[in-house]
Amino acid sequence: MSILAVSDIAVRYGRLTAVRGASFSMQEGEILFITGPNGAGKSSLMRAIAGVTPPAAGRIDFTGQETTGRAPEDIARLGFSMVPEGRDVFGSLTIEENLLVGTGMHARERGWRTRAASELEAVYDTFPILKERRNGQAGLLSGGQQQMLVIARALMTNPRLIAIDEPSLGLAPNITDQVYERLIDLQTQRRLTLLIVEQSSTRAVMVGGRMILMRGGEIVLDGDARTLGNSEAMQAAYFGYEDH
Ligand SMILES: Nc1ncnc2c1ncn2[C@@H]1O[C@H](COP(=O)(O)OP(=O)(O)OP(=O)(O)O)[C@@H](O)[C@H]1O
Ligand SMILES: [Mg+2]
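Residue 23 is where the sequence shown starts when you use this note's numbering, and the numbers rise one by one after that.
This is the structure we're talking about:
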């Protein structure tokens with residue numbers, strides 16, 4: 023059974039259709055990159071799956087349950103965690119406070135503090151720099167450290183799938199390498215399913231896994247990242263060359 027199944031999704035903003043007829047599914051533990059140029063509809067598709075922008079048409083199933091049109095908190099509770107575009111840290115709070123904010127929805131549950139402590143331990147294992155700086159102000163972290171913080175925050179709810187919108191944006195390639203190393207560790211160690219939006223296919227080709235290419239709101243290619251990334255079909259679809 024697939025962990026995520028997206029069928030024939032449309033996303034509209036008023037009269038603008040940002041995504042149309044998008045279908046794909048993911049197996050647990052899989053890495054899927056959604057690539058494509060500016061305005062292709064990548065973020066819109068990811069937000070629709072997370073419940074942030076409800077789809078205008080189609081159906082979404084996550085962990086075997088239909089989640090179409092459900093509230094983001096409900097979808098999160100099933101184990102879906104999203105890191106939206108832009109690194110949204112609470113600059114004046116400490117790193118640890120930022121991490122605890124992510125567990126807010128469990129605050130009323132019994133045993134919350136103990137569970138938060140073990141989740142903190144787990145994310146500090148993955149991101150030792152955050153442990154070192156845990157009492158420091160989050161706003162003073164570098165871009166790459168802030169990216170790690172928002173990923174760590176998304177992990178605090180112990181998700182089954184983490185969806186990240188452009189983790190490499192504005193980061194130097196070697197810092198992006200570090201962020202991806204951590205993500206791959208999580209995927210292999212926790213069998214975490216990774217859904218990652220990146221404009222270019224470069225990362226997908228480096229990391230491997232599966233890749234979808236979006237253009238003009240539609241999924242135009244879907245296949246093995248390394249095979250597709252180096253194909254002429256990919257070049258043509260990405261740059262919009264057409265045969266005449
Ligand atoms: N909240 C919104 N209201 C109106 N239009 C929107 C909204 N969000 C996105 N759009 C439009 O929907 C289309 C798809 O945008 P989207 O942000 O999904 O693209 P993207 O592939 O993520 O692009 P980028 O690589 O630049 O982040 C664009 O034409 C965009 O202007
Ligand atoms: Mg986007």
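A virtual CB, placed ideally from N, CA and C, is assigned to each residue, including glycine.
DSSP three-state assignment for residue i, whether helix, strand or coil
i	result
M170	helix
T198	helix
M343	The structure shown does not extend to residue 343, since the chain is modelled only from 23 through 266, so no value can be given for it.
A144	helix
T4	Residue coverage of the chain in this structure runs from 23 to 266, which leaves residue 4 outside it and unanswerable.
H266	Below a pLDDT of 50, predicted positions are generally treated as unreliable, and H266, at 48, falls in that range; the measurement from the model is reported next regardless. Of the three classes helix, strand and coil, the one that applies to H266 here is coil, per DSSP.
T125	coil
R155	coil
A138	helix
L12	No answer is possible for residue 12: it lies beyond the span of the chain, which begins at 23 and ends at 266.
L38	strand
G161	helix
Strand pairing of residue i, partner residues [DSSP]
i	result
M104	A185
V28	F46, I82
V33	V41
Cβ-Cβ separation, residue j to residue i (assumed contact under 8 Å), whole Å
i	j	result
V28	I82	5 Å
S190	E220	6 Å
G73	A40	So it is not a contact: roughly 16 Å between Cβ atoms.
G43	D30	6 Å
S222	M233	Their Cβ separation, rounded to whole angstroms, is 11 Å, which puts S222 and M233 out of contact at 8 Å.
E107	D187	4 Å
is_contact[residue i, chain D] using C-beta, thresh 8 Å
i	result
G51	Absence of chain D from the displayed structure is noted, only one protein chain being present.
Does the segment 117 to 124 come into contact with the segment 59 to 71, if we say contact requires no fewer than three beta-carbon pairs (one atom in each stretch) closer than 8 Å? no
Could you pull out every unbroken beta strand (DSSP E) segment of at least 3 residues lying fully inside the segment 45 to 101, listed in chain order? 53 to 57, 79 to 84
What beta strand (DSSP E) runs, 3 residues minimum, are completely inside the segment 209 to 266? 215 to 219, 232 to 237, 240 to 246
Does the segment 49 to 63 come close enough to the segment 162 to 178 that 3 or more CB-CB pairs lie under 8 Å? no
Determine, using beta-carbon pairs with one atom in the segment 144 to 160 and one in the segment 200 to 208, whether at least three such pairs fall under 8 Å. yes
Tell me, please, whether the segment 227 to 245 touches the segment 74 to 91 by the rule of three or more beta-carbon pairs shorter than 8 Å. no
Determine, using beta-carbon pairs with one atom in the segment 110 to 117 and one in the segment 84 to 101, whether at least three such pairs fall under 8 Å. no
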